[in-house]
Every structure is written in structure tokens, then in C-alpha cells.
Amino acid sequence: MRRPILVAALMSALAFAAHAQEVPAPHDVAYTPGTMRVEVDATNLSQRIFSIKQTIPVQAGPLTLLFPRWVPGGHSPRNGLDDIAGLTFKANGRKLDWKRDTLEVGAFHLVVPDGVTEITAEFDLLTATGPGQGRVVMTPNMLNLQFISAALYPAGHYMRQIKVDPRVTYPAGWTAFTALHEDGRSGDTIDYENVPYDIFVDSPVYAGRHAKNIDLTPAGSKVPVKLGTVADAPKYLEAKPEQVAIHRKMVEQALKLFGAQHYDHYQFLFSLSEQMGGNGLEHQRSSENGVGTDYFTGWKEKQGFTDLLAHEFVHSWNGKYRRGKDLWVPNLNTPMQDSLLWVYEGQTQYWGNVLAARSGMRPLPASIDALALVAATYAENRPGLSWRGIQDTTNDPIVVGRGARAYLNYQMSEDYYRGGQMIWLEADALIRAGSNGKRSLDDFARAFFGVNDGEWKVQDLYTFEDVVATLNGVHPHDWSTFLRDRLDGRTGLTGGIEAGGWKLVYKDEPNAYAKGAGSRGGADFTYSIGLTIGKDGSIGDVRWDGPAFNAGIGSGTQVIAVNGTAYDGDVLEEAIKAAKTGKAPIELLVKEFDRYRTVKIDYHGGLRHPHLERIKDKPDYLTPILSARK
Numbered sequence: 352m353r354r355p356i357l358v359a360a361l362m363s364a365l366a367f368a369a370h371a372q373e374v375p376a377p378h379d380v381a382y383t384p385g386t387m388r389v390e391v392d393a394t395n396l397s398q399r400i401f402s403i404k405q406t407i408p409v410q411a412g413p414l415t416l417l418f419p420r421w422v423p424g425g426h427s428p429r430n431g432l433d434d435i436a437g438l439t440f441k442a443n444g445r446k447l448d449w450k451r452d453t454l455e456v457g458a459f460h461l462v463v464p465d466g467v468t469e470i471t472a473e474f475d476l477l478t479a480t481g482p483g484q485g486r487v488v489m490t491p492n493m494l495n496l497q498f499i500s501a502a503l504y505p506a507g508h509y510m511r512q513i514k515v516d517p518r519v520t521y522p523a524g525w526t527a528f529t530a531l532h533e534d535g536r537s538g539d540t541i542d543y544e545n546v547p548y549d550i551f552v553d554s555p556v557y558a559g560r561h562a563k564n565i566d567l568t569p570a571g572s573k574v575p576v577k578l579g580t581v582a583d584a585p586k587y588l589e590a591k592p593e594q595v596a597i598h599r600k601m602v603e604q605a606l607k608l609f610g611a612q613h614y615d616h617y618q619f620l621f622s623l624s625e626q627m628g629g630n631g632l633e634h635q636r637s638s639e640n641g642v643g644t645d646y647f648t649g650w651k652e653k654q655g656f657t658d659l660l661a662h663e664f665v666h667s668w669n670g671k672y673r674r675g676k677d678l679w680v681p682n683l684n685t686p687m688q689d690s691l692l693w694v695y696e697g698q699t700q701y702w703g704n705v706l707a708a709r710s711g712m713r714p715l716p717a718s719i720d721a722l723a724l725v726a727a728t729y730a731e732n733r734p735g736l737s738w739r740g741i742q743d744t745t746n747d748p749i750v751v752g753r754g755a756r757a758y759l760n761y762q763m764s765e766d767y768y769r770g771g772q773m774i775w776l777e778a779d780a781l782i783r784a785g786s787n788g789k790r791s792l793d794d795f796a797r798a799f800f801g802v803n804d805g806e807w808k809v810q811d812l813y814t815f816e817d818v819v820a821t822l823n824g825v826h827p828h829d830w831s832t833f834l835r836d837r838l839d840g841r842t843g844l845t846g847g848i849e850a851g852g853w854k855l856v857y858k859d860e861p862n863a864y865a866k867g868a869g870s871r872g873g874a875d876f877t878y879s880i881g882l883t884i885g886k887d888g889s890i891g892d893v894r895w896d897g898p899a900f901n902a903g904i905g906s907g908t909q910v911i912a913v914n915g916t917a918y919d920g921d922v923l924e925e926a927i928k929a930a931k932t933g934k935a936p937i938e939l940l941v942k943e944f945d946r947y948r949t950v951k952i953d954y955h956g957g958l959r960h961p962h963l964e965r966i967k968d969k970p971d972y973l974t975p976i977l978s979a980r981k
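If you count the sequence shown from 1, position 286 lands on 637 in the numbering used here, and the numbers rise without skipping.
Structure, rendered in C-alpha cells:
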């Protein structure tokens with residue numbers, strides 16, 4: 352009985368060895384064997400496991416299947432290849448041998464036997480069971496299924512040339528939100544529309560026990576926009592009518608800004624949870640957005656909402672429909688290049704904050720206060736600009752990702768976001784001043800992103816030269832030099848504040864927005880002694896070459912006492928105040944591992960917190976930038 356099995360196994364191994372396989376390069380040709388079916392069982396909540404079965408039409412001979420590595424929106428090879436386990440391939444019920452490529456470790460080589468027209472691939476996606484393992488995406492009440500981690504795909508083809516038939520089985524009674532349209536249901540299994548692989552991986556799912564889909568479609572619009580919300584408990588879903596109206600106005604203001612829609616419908620995916628990990632990730636027809644449970648129930652009218660939803664919504668235009676040419680890839684195992692992230696993310700950061708202000712998600716005073724914090728960062732708290740420019744930080748997603756830094760202000764991390772925001776603020780103010788208020792960066796947004804209304808399946812790629820040309824079409828200027836000077840560190844990044852008719856000042860008290868945002872019992876002394884500190888005295892970031900740093904204090908140290916008194920935030924604040932009128936240094940008892948020592952900080956500048964103030968007799972462009980469009 353065993354002999355035929357052994358002979359078959361030997362023949363399979365010999366056939367596999369006879370094909371020395373390389374990873375085929377992607378070509379823009381159809382995957383002719385047929386449509387790949389992907390079935391996901393998302394019901395194992397307790398063990399937090401997605402079980403995947405793929406049925407893949409094939410032809411006999413060598414075959415390479417790829418697990419996506421490069422994440423659009425993450426701009427890096429961060430997809431969790433190590434989260435998959437139990438990978439098996441079968442043809443006619445028999446297991447096939449496979450071998451991982453030693454260079455492209457997300458590639459799996461196998462040989463399809465003669466006469467076989469389809470194979471099955473099965474694996475388990477083992478998601479984080481705790482935050483120490485990564486972002487938690489399954490809880491007893493909700494889940495986030497990212498299809499980019501749930502399916503292999505055949506090498507040798509552009510993603511758009513591979514068709515997928517997705518099906519997902521959810522926990523009984525749950526509601527699921529995704530940009531994919533449904534094709535049918537059988538019990539708790541939903542059969543979604545057949546789509547190309549690139550749209551499939553760009554259409555994740557939020558599903559939950561407690562769910563509500565809030566209509567944000569502006570009056571008169573024929574293209575639906577919905578806020579699909581899941582929460583830890585039903586009470587967190589209760590949004591007041593005025594809160595919904597603010598979110599609908601954000602959508603309305605985005606349409607006024609861009610003048611076109613690059614989706615057939617748009618589905619926000621929104622979680623209100625202290626259990627599932629928060630996130631923000633853009634897609635063409637949807638976005639993943641995760642915040643705490645009190646988003647609606649703990650709303651502070653004067654402080655407003657976070658700009659997260661506005662930011663990710665802007666990405667439908669900037670980053671998804673129009674994308675930097677070197678960032679586009681034919682498949683997700685081809686390395687991306689991030690040189691234009693200061694447009695992709697930097698201008699999105701700008702418009703996200705602007706739309707939050709224009710819609711009332713963040714009221715005008717709070718928006719100005721929030722901008723003060725960004726301006727102060729690039730005026731005083733980025734000593735790293737002495738050795739690297741904003742352009743170089745576009746490499747950060749590939750170099751290091753978003754891991755913790757010992758000295759963030761000196762090392763810097765993806766500063767193309769907020770540093771880019773400051774560049775675009777200055778560009779907007781320059782255009783407004785140069786045109787006597789007749790033109791603005793809004794005109795650039797409409798000309799650059801608001802094209803081909805209704806088209807969403809084709810990315811429109813651009814270069815640095817395209818950005819410059821469109822800016823010149825809005826307002827003639829030496830935009831190439833303007834941008835390069837700021838991107839490459841030859842010019843500071845805060846010129847837009849004064850050009851907008853305001854100035855950065857420091858006061859003893861934090862501004863209202865900073866007070867409302869809080870730091871969970873900690874305190875921010877960045878612009879005085881040069882550090883942030885937690886409720887327990889643990890020091891966060893220490894400003895490079897600041898007073899605390901020059902006294903020998905490093906990040907990660909714990910403050911035990913201030914001037915002989917046990918530490919708390921108030922004690923340190925009072926000590927900084929007192930030192931302003933005295934000559935004695937501020938004396939800290941600090942703990943480093945098991946060692947205690949006393950450090951003296953010779954600082955007498957008092958408390959300093961960022962604020963913006965109007966410059967008299969200078970035109971105010973910041974207020975119209977942040978005011979709603981009629």
C-alpha cells in the first residue's frame with residue numbers, strides 16, 4: 352500500500368527539483384487560467400485567527416505565488432508575512448511540495464502537475480492576541496479584515512490583471528462594512544463582487560456586533576458616502592444630530608475643494624474601541640479609522656474632533672487617485688519609492704487640518720491653536736533639520752518605520768507629514784498674497800486632484816515637474832526653487848505663519864487646544880527645560896541641545912524629586928516658574944536603571960507654550976484658509 356505513495360512523492364520531488372525557479376517579473380497581461388476564489392472564515396474570535404482557503408485556476412508547470420509585502424498607504428514592506436502559518440497547497444486532494452524563495456521571501460515556488468487545472472492554498476492568519484505583538488484586529492465585538500494579508504496571488508502579472516471572487520464568513524448576527532459590493536449571502540457568509548486583485552486588497556472590512564452606518568452624503572449628491580461604525584458597546588454609537596451634521600459638512604467641504612469624486616461610493620470604516628488597535632489607512636473607496644470609545648460621547652465642542660477622518664478622506668484624491676509616479680507599483684512585491692510623500696502625505700496633512708476647520712470638526716480657534724503646536728515644532732523642536740531635510744524623511748517608512756526613537760526631535764521621523772504641511776501653508780499664503788486673495792492653494796487642489804470626475808479605477812501618476820507646472824498655472828513663481836529650498840533644508844519651514852499674517856509666541860500657559868488634548872497626567876516642557884514627562888516622572892523625548900540635554904539628562908530617565916520634593920507635574924512646573932526670577936538651578940533627582948543621581952538644570956526662561964498671535968497691519972490669510980467655502 353505504501354509503495355505507490357512513495358513513488359508518487361519521489362516523482363513530485365524530482366519534478367520540483369528539475370525546475371529551478373525565479374520570481375517572474377510582473378507584466379501587464381491577463382491571468383488567463385481564470386478567477387481566483389478567496390474564502391475567509393472570520394469566526395474564530397477567541398483565538399483571533401482568520402482561516403483562508405484559496406482556489407486558484409492554474410496551468411501545468413512552474414508556478415510562483417506571492418504574499419503581498421509592500422503596503423500602499425504604509426509606503427513600506429510591512430505586511431506581516433510572519434503572521435501566516437499552516438500553509439499547504441493541494442491538487443486533486445494531494446499535497447504539493449513548495450519552496451520559499453530565499454531573496455523574495457514572500458514568494459512560494461511550486462510545480463503544477465500535468466492535467467491539473469486548479470489548486471487550493473490554505474493557511475491561517477494568526478493575528479495579534481495582545482498589543483505587544485502588533486495591532487489587535489479581532490476582539491469579542493469587532494474585527495478588521497485586511498484582504499492584503501488574506502490572499503496569495505500569482506507572480507508574473509500586474510495586480511489589475513488578476514480577478515478575485517471574495518467570500519467571507521462572519522460571526523452570527525454581525526454587520527460588515529467594506530467598499531466591495533455584495534453579490535449574495537448564504538447564512539453568515541457574504542459573497543462579494545468579483546474584482547481585480549488591486550481593488551480587492553484595497554477594500555478591507557470592519558465588522559462588528561454593535562454597528563451603525565451613518566449617512567454622510569451631502570444634500571444633492573448622487574454618490575453615497577457612509578460612516579460605517581463599530582463599537583465596543585452600543586452606547587458609544589450614539590451620535591448627536593449636530594455631530595453627524597459636522598461630519599457631513601466635512602464631506603461637503605471636500606467636494607467643494609476638489610470638485611470631483613474618484614469613487615462610485617465611499618465607505619468610512621470606523622472603530623470606537625479600547626480593545627481593537629487604532630489606525631488610519633487610506634483606500635480609494637474607503638478608509639480604516641480607529642479611535643477610542645468616547646469619540647461621540649466625550650465630544651468637547653470647543654476642542655472639536657480629531658482630523659483623522661478628514662485626512663484619510665483627502666487621500667481618496669491625493670495618494671489613491673493621483674499618486675507619485677515612483678510610488679506606483681505593478682504588484683505588491685515590487686519595491687516602492689517614496690520621494691513624493693511630501694505631496695502624498697504632506698499636502699493631505701494640510702488639507703485634512705483645513706477641512707477639519709472648514710467643517711467645524713475642529714473650530715477655528717482650536718485649529719489656530721493646533722497649528723501653533725506644529726509651527727513651534729519646526730521653529731524649535733526639530734534640531735534634526737541641521738543634518739537632514741524633509742526630503743530625506745520620505746525614506747523613513749522603508750528605513751525604520753514608526754518604531755520608537757531615543758531622540759525623536761534629533762533623529763526625526765516621517766516629518767514629510769507636518770513639515771510638508773508647513774511647506775504647503777506657506778505656498779498657500781504666497782499665492783493668496785501674490786494674487787491679492789483672488790487665487791489660493793484651493794485652485795491647485797482642483798486643478799491637480801479634481802480631474803476626471805467619476806473615474807476611480809485608474810491611478811493618475813505625477814512627477815515633481817507636474818507639481819511645479821500646476822502651481823505655475825495657478826500663480827507664476829519659481830516654485831521649483833521654493834520647494835527644493837524647503838525640502839532640502841536650505842530654508843526654514845515656518846515662513847507660512849508670518850506670511851499668513853500671524854506670529855508664533857510663547858506664553859506661560861498652554862493654549863486651549865493643547866490643554867484639551869492633554870497628556871494623560873503628563874506634562875510638556877519641550878520649549879522650556881526641553882523635555883516631556885509622564886505622570887510617573889518617566890521622561891519621554893529630550894530636546895537635543897536643550898537645557899535638560901545639556902545637563903546630562905537622557906530620554907527614558909525617571910524623575911524622582913524636584914528641588915528635594917517628590918515629583919509630580921505641578922512641582923516641576925512651579926520649580927520652572929521660580930527659577931525665572933532666581934539664580935539657583937533646577938535640581939532633579941533622577942533614576943537610571945538602579946542608579947540615582949542629582950542633575951542641575953541651569954535654566955531661567957520660565958514656562959514657554961506655543962500660541963499664534965495676529966500681526967497688526969498685515970493681511971490675515973490664515974483665517975480665510977481655515978474658513979468654510981460657500
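Even glycine gets a Cβ: it sits at the ideal position worked out from N, Cα and C.
Nothing here was measured: the structure is a model prediction, and the numbers come from that model.
Considered as a whole, the segment 810 to 847 harbours 811 to 813 as its complete beta strand (DSSP E) runs of no fewer than 3 residues, in chain order. Less than 8 Å divides the Cβ of Q762 from the Cβ of G735. Taking all protein chains shown into account, F800 has 16 or more neighbouring C-beta atoms within 10 Å of its C-beta and is therefore buried. DSSP places F664 within a helical segment (H, G or I) once states are collapsed to three. For the pair H508 and Q372, the CB atoms are not nearer than the 8 Å cut-off. Within the same chain, H960 come within 7 Å of E860 by CB-CB distance, once the 5 residues on both sides are set aside. Our two residues, Q497 and T526, have alpha carbons roughly 16 Å apart in a direct line. In the displayed model, L461 falls within a strand according to three-state DSSP.
Shown here for P408: same chain residues with a beta carbon closer than 6 Å to its own, the five before and five after excluded, namely P384, G385 and E469 in chain order. Of the other Cβ atoms in all chains shown, fewer than 16 fall within 10 Å of the Cβ of K651; this residue is therefore exposed. For D747, the uninterrupted alpha helix (DSSP H) run begins and ends at D747 to V750, by DSSP. Excluding residues up to 5 positions away in sequence, V409, A411, A442 and N443 lie with their Cβ nearer than 7 Å to the Cβ of V467 in the same chain. It is roughly 11 Å from the alpha-carbon of D945 to the alpha-carbon of T908. The three-state reading of DSSP puts T526 in strand, counting E and B together. The segment 806 to 824 makes contact with the segment 672 to 681: 3 or more CB pairs, one atom from each, lie closer than 8 Å. Scanning the segment 648 to 715 for uninterrupted beta strand (DSSP E) segments of 3 residues or longer gives 673 to 675, listed from N- to C-terminal end.
Rounded to the nearest whole angstrom, the C-alpha separation of K951 and L958 is 17 Å. CA-CA distance, Q618 to V665, rounds to 13 Å.
Counted as a single uninterrupted DSSP element, the beta strand (DSSP E) harbouring L620 occupies residues Y617 to L623. Between M627 and T490, the gap from beta carbon to beta carbon is short of 8 Å. The criterion of a C-beta distance shorter than 8 Å is not satisfied by I550 and L476.
Non-local beta-carbon contacts of F609 in its own chain, meaning distances under 7 Å to residues more than five positions away in sequence, involve W668, A796, R797, F800 and G801 in chain order. Excluding residues up to 5 positions away in sequence, W830 lie with their Cβ nearer than 7 Å to the Cβ of N823 in the same chain. By DSSP's assignment, A562 forms a beta bridge with V581. V576 is positioned such that its CB atom lies no closer than 8 Å to that of Y557.
Per DSSP, the unbroken beta strand (DSSP E) holding H962 starts and ends at H960 to R965. Of D448, H426 and V422, the smallest CA-CA separation from P413 is found for D448. In the three-state reduction of the DSSP assignment, N803 falls in the coil class, being assigned neither a helical nor a strand state. Counting every other CB atom within 10 Å of its CB across the protein chains shown gives A755 a total below 16, marking it as exposed.
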